[in-house]
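A.B. asks:
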Amino acid sequence: MWATFFRRSFSTTPAASPVIYSHRSGAKQKKKGNASALKTPRGTRDFLDENAHRKSTIRTIEDVFKCYGGTELDTPVYELTDVLLGKYGGEANKLVYDLVENDGERCSLRYDLTVPFARYLAMNRVSKMRRYQIGKVYRREKPVMTKGRYCEFHQCDFDIAGVEEPMLPDAECLSIVDEVVKKLDLGSFTTRVNHRSLLEAVLLQCGVPVEAIQSVCCSIDKLDKEPWKKVSEELRLQNNIPSSVVSELERFITFEGENTDMIKLFREKVGGPQATASIQEMEVLFDYCNAFGVNVTFDPSLARGLDYYTGMIFETVLEDGACGSIAAGGRYDNLVHSLTSETRKPFSVPCVGLSIGIERIFSLLEQKKKNTKEAVADVFVASPQKSLLLERISVWKKLRDAGIKAQFERRNKSKFLDQLQFCEANDVKLAVIIGEQESKEGVLKLRNVATREETIVPEGSLIDEIQKRLVD
1 MWATFFRRSF STTPAASPVI YSHRSGAKQK KKGNASALKT PRGTRDFLDE NAHRKSTIRT
61 IEDVFKCYGG TELDTPVYEL TDVLLGKYGG EANKLVYDLV ENDGERCSLR YDLTVPFARY
121 LAMNRVSKMR RYQIGKVYRR EKPVMTKGRY CEFHQCDFDI AGVEEPMLPD AECLSIVDEV
181 VKKLDLGSFT TRVNHRSLLE AVLLQCGVPV EAIQSVCCSI DKLDKEPWKK VSEELRLQNN
241 IPSSVVSELE RFITFEGENT DMIKLFREKV GGPQATASIQ EMEVLFDYCN AFGVNVTFDP
301 SLARGLDYYT GMIFETVLED GACGSIAAGG RYDNLVHSLT SETRKPFSVP CVGLSIGIER
361 IFSLLEQKKK NTKEAVADVF VASPQKSLLL ERISVWKKLR DAGIKAQFER RNKSKFLDQL
421 QFCEANDVKL AVIIGEQESK EGVLKLRNVA TREETIVPEG SLIDEIQKRL VD
């Protein structure tokens, strides 16, 4: 029913040589040489059970989301192309994977989880919702696997839609990120905040033309990767911004100081109702952050290149610089309306949200060699003899019926040492050891895998003893 093609991937059309369609022109090109070796597409990877620790980390994030009233939502992995295009800005729009469907309906893989959420709100006329979603997104960018930058990756999003106390939902999003990063023990971090409307007011006052604001924001957004000298050259040469305007911009964009000093500077130097309203919102935001116990830094160079942001924007980075931002987000009050503006019944709802880069977090944990691997079981049923498989199954079944996470040795001819080494390698806490003599006496050995201490336990007391030790 579906015949889907990535415009940069292989065609399914039979031919003597494979055919590739370019993303932009669709022109056919001959592929040189024989078929390549089997591998995953560039920027993707498989996940085996050894990566099961991902689940425990995602559960931690989910628990925080739920504490803030989040309801889970799952949207399709692809959307209508018209829904996605024009929502991200010039640079980001080029990174969207386009698909082609047989009936002519143009679709694209989702670039993020924010626009699909806005589509859900607009389609269902939802005016108030706290939603979270954890799912895969796709971007046609150059992957850097060691830094957690992939073409296919998971995002963990939390968004608040609806009218609430001004800036309170914004502060809650910052509090969520603060709590998640601390619970995952990722080390020292900084959350940088700015206001998109204030940034636009600064650009206008410095002399940036209205039509150039989006492209200038995209250039400024590169300051986390490039020095000001290189960004200023891009502003002059690619965006045609006069040197005098660039120099004036530098005075505001590169200013650093305490949040109160930043507020004072912008109140004195930037005029107009748009700047005044933005500064007042930032002051309220800082008050809420203090109440939540969240430390943030006012950074006037933070731009966030996506077009849909309208208010507070933020980015969280680790201070050791091991990777890029691990969380980001902001307010996007006009996105829902933009999806319904051409319909007979336009609909609007203010929104603010965050996105946590789970892939970068895992890359960081792997590089630091933190033990985030989830144990295959709490208890393992073993035996030194080769004829006690039925007895092992019987004990395992009792453990499972009691709600204990357990595994057992399934091979009849397995070396006892191999069984114990399996327990140590897979973080199993306890081993139940069944011996022929002990079985006749109605007792079992309970081994603490970490200390290797063994205790004789009556078979009838095994469940109680294990549950007690697992709690301790």
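The sequence shown maps to residues 1 to 472 in the UniProt record's numbering.
All C-beta atoms in this analysis are idealised placements derived from N, C-alpha and C, irrespective of residue type, glycine included.
With a threshold of 6 Å on Cβ separation, who are the neighbours of L223 within its own chain once the five nearest residues in sequence on each side are excluded?
C.D. replies: On the sequence shown, position 223 is the one that residue 223 refers to. Counting only Cβ-Cβ distances below 6 Å, and skipping sequence neighbours, we find V231 and S301.
A.B. asks: Can you give me the Cβ contacts of Y78 inside the same chain, cut-off strictly under 8 Å, excluding the 5 residues immediately before and after it?
C.D. replies: Residue numbering aside, residue 78 sits at position 78 when the sequence shown is read from its first letter. Closer than 8 Å at Cβ, skipping near neighbours: L99, C107, S108, L109 and R110.
A.B. asks: Over what stretch of residues does the beta strand (DSSP E) that includes N194 continue unbroken?
C.D. replies: Mapped onto the sequence shown, residue 194 falls at position 194. Its beta strand (DSSP E) spans residues F189 to H195.
A.B. asks: Pull up the CB-CB distance for I358 and I176, whole angstroms please, since I reckon it's below 8 Å.
C.D. replies: If you number the sequence shown from 1, residue 358 lands on position 358. If you number the sequence shown from 1, residue 176 lands on position 176. Contact flag wrong, Cβ pair sits at about 14 Å.
A.B. asks: With a CB to CB cut of under 7 Å and the five nearest residues on each side skipped, what residues in its chain are close to E234?
C.D. replies: Position 234 of the sequence shown holds residue 234. Result list for E234: S219, in chain order.
A.B. asks: Report yes if the C-beta distance between D159 and G353 is below 7 Å; otherwise report no.
C.D. replies: Along the sequence shown, read from residue 1 onward, the residue named residue 159 stands at position 159. Along the sequence shown, read from residue 1 onward, the residue named residue 353 stands at position 353. Contact flag set, yes.
A.B. asks: Let me check understanding here. Comparing Cα to Cα, which of R236, W228 and A450 lies closest to R251?
C.D. replies: Working through the sequence shown from its first residue, we reach residue 251 at position 251. Per the Cα distances, W228.
A.B. asks: Taking the DSSP output, what are the residues bridged to N448?
C.D. replies: Here residue 448 is taken as the residue at index 448 of the sequence shown, counted from 1. Note: N448 sits in a beta bridge opposite L430.
A.B. asks: Nearest CA to the CA of G43: which residue from T71, K142 and V64?
C.D. replies: For this step, residue 43 is matched to residue 43 along the sequence shown. Selected option, being the one with the closest Cα: K142.
A.B. asks: On the CB-based measure, 16 or more other CB atoms within 10 Å of its CB, does S341 come out buried or exposed?
C.D. replies: Translated into positions along the sequence shown, residue 341 becomes position 341. Counting Cβ neighbours within 10 Å, S341 comes out exposed, since fewer than 16 surround it.
A.B. asks: On the DSSP bridge list, what partners appear for I456?
C.D. replies: As a first step, residue 456 must be located in the sequence shown, where it is residue number 456. DSSP, once it has assigned bridges, lists K445 as partnering I456.
A.B. asks: Any contact between the region 124-133 and the region 65-81? By contact I mean 3 or more CB pairs, one from each, below 8 Å.
C.D. replies: These segments touch.
A.B. asks: Going by C-alpha distance, which of C206, S325, L339 and K55 is nearest A275?
C.D. replies: Your numbering for residue 275 matches position 275 in the sequence shown. Among C206, S325, L339 and K55, the Cα nearest to that of A275 is on C206.
A.B. asks: Compare the Cα-Cα distances from E424 to each of L237, V379, K66 and R236 and report the closest residue.
C.D. replies: Along the sequence shown, read from residue 1 onward, the residue named residue 424 stands at position 424. Comparing Cα positions, the closest option is V379.
A.B. asks: Exposed or buried, S355, counting other C-beta atoms within 10 Å across all chains shown (16 or more means buried)?
C.D. replies: Counting from one through the sequence shown, the residue named residue 355 turns up at place 355. The residue is buried, with at least 16 neighbouring Cβ atoms inside 10 Å.
A.B. asks: For my contact list, D307 and K87 are in at a C-beta cut-off of 8 Å; report their separation, rounded to the angstrom.
C.D. replies: Within the sequence shown, residue 307 is the residue found at index 307, counting from 1. Within the sequence shown, residue 87 is the residue found at index 87, counting from 1. Correct: roughly 7 Å between the Cβ atoms.
A.B. asks: Between R125 and the rest of its own chain, which residues show a CB-CB distance below 7 Å, the 5 nearest in sequence each way excluded?
C.D. replies: Walking along the sequence shown from the start, residue 125 turns up at place 125. F347, listed in sequence order.
A.B. asks: I'd like the list of long-range same chain contacts for M312, defined as Cβ closer than 8 Å, with 5 residues on each side in sequence excluded.
C.D. replies: To locate residue 312, count along the sequence shown from 1; it is residue 312. Here the set comprises M167, D170, V193, N194, H195, R196, E281, M282, L285, G330, R331 and V352.
A.B. asks: Please list the terminal residues of the continuous beta strand (DSSP E) segment that includes Q407.
C.D. replies: In the sequence shown, counting from the first residue as 1, residue 407 sits at position 407. Counting along the chain, the beta strand (DSSP E) containing Q407 begins and ends at A406 to F408.
A.B. asks: Taking Cβ positions, are D178 and V294 nearer each other than 7 Å?
C.D. replies: The count along the sequence shown starts at 1 and reaches residue 178 at position 178. The count along the sequence shown starts at 1 and reaches residue 294 at position 294. Cβ distance < 7 Å, so D178 and V294 count as in contact.
A.B. asks: Which word fits V471, buried or exposed, when buried means at least 16 other C-beta atoms lie within 10 angstroms of its C-beta?
C.D. replies: Taking the first residue of the sequence shown as 1, we reach residue 471 at position 471. Exposed: under 16 other Cβ atoms inside 10 Å.
A.B. asks: Quick one: Cα of I326 to Cα of F189, how far?
C.D. replies: Taking the first residue of the sequence shown as 1, we reach residue 326 at position 326. Taking the first residue of the sequence shown as 1, we reach residue 189 at position 189. When rounded, the distance between both Cα atoms is 10 Å.
A.B. asks: Excluding five sequence neighbours on each side, which residues of the same chain lie with their C-beta closer than 6 Å to the C-beta of S278?
C.D. replies: As a working mapping, residue 278 is identified with position 278 in the sequence shown. Only H195, S197 and L198 meet the Cβ criterion.
A.B. asks: Please classify Q407: is it buried, with 16 or more other beta-carbons within 10 angstroms of its beta-carbon, or exposed?
C.D. replies: As a position in the sequence shown, residue 407 is number 407, starting the count at 1. Buried, since its Cβ has 16 or more Cβ neighbours within 10 Å.
A.B. asks: State the Cα-Cα distance for the pair T13 and I433, rounded to the nearest angstrom.
C.D. replies: Counting from one through the sequence shown, the residue named residue 13 turns up at place 13. Counting from one through the sequence shown, the residue named residue 433 turns up at place 433. With a pLDDT of only 37 at T13, under 50, the local geometry of the prediction cannot be trusted, and no value is derived from it.
A.B. asks: Would you identify the three-state DSSP class for K30, choosing helix, strand or coil?
C.D. replies: Translated into the one-based positions of the sequence shown, residue 30 becomes position 30. Confidence at K30 is low in this model, with a pLDDT of 45, below 50, so the placement of that residue is unreliable and no value is reported for it.
A.B. asks: Would you grab the beta carbon distance between P350 and V163 for me? Rounded to a whole angstrom, and I think it's under 8 Å.
C.D. replies: Stepping through the sequence shown from its first residue, residue 350 is reached at position 350. Stepping through the sequence shown from its first residue, residue 163 is reached at position 163. The Cβ separation is near 6 Å, so the contact holds.
A.B. asks: Compare the C-alpha of I213 against each of K183, E226, D185 and V246 and name the closest.
C.D. replies: Taking the first residue of the sequence shown as 1, we reach residue 213 at position 213. Cα-wise, what sits closest to I213 is V246.
A.B. asks: Out of L335, D320, L203 and D299, which one is the CA nearest neighbour of Y120?
C.D. replies: The residue you call residue 120 lines up with position 120 of the sequence shown. Nearest of L335, D320, L203 and D299 to Y120, Cα basis: L335.
A.B. asks: Between which two residues does the beta strand (DSSP E) harbouring T316 extend?
C.D. replies: Within the sequence shown, the letter at position 316 stands for residue 316. Its beta strand (DSSP E) spans residues M312 to L318.
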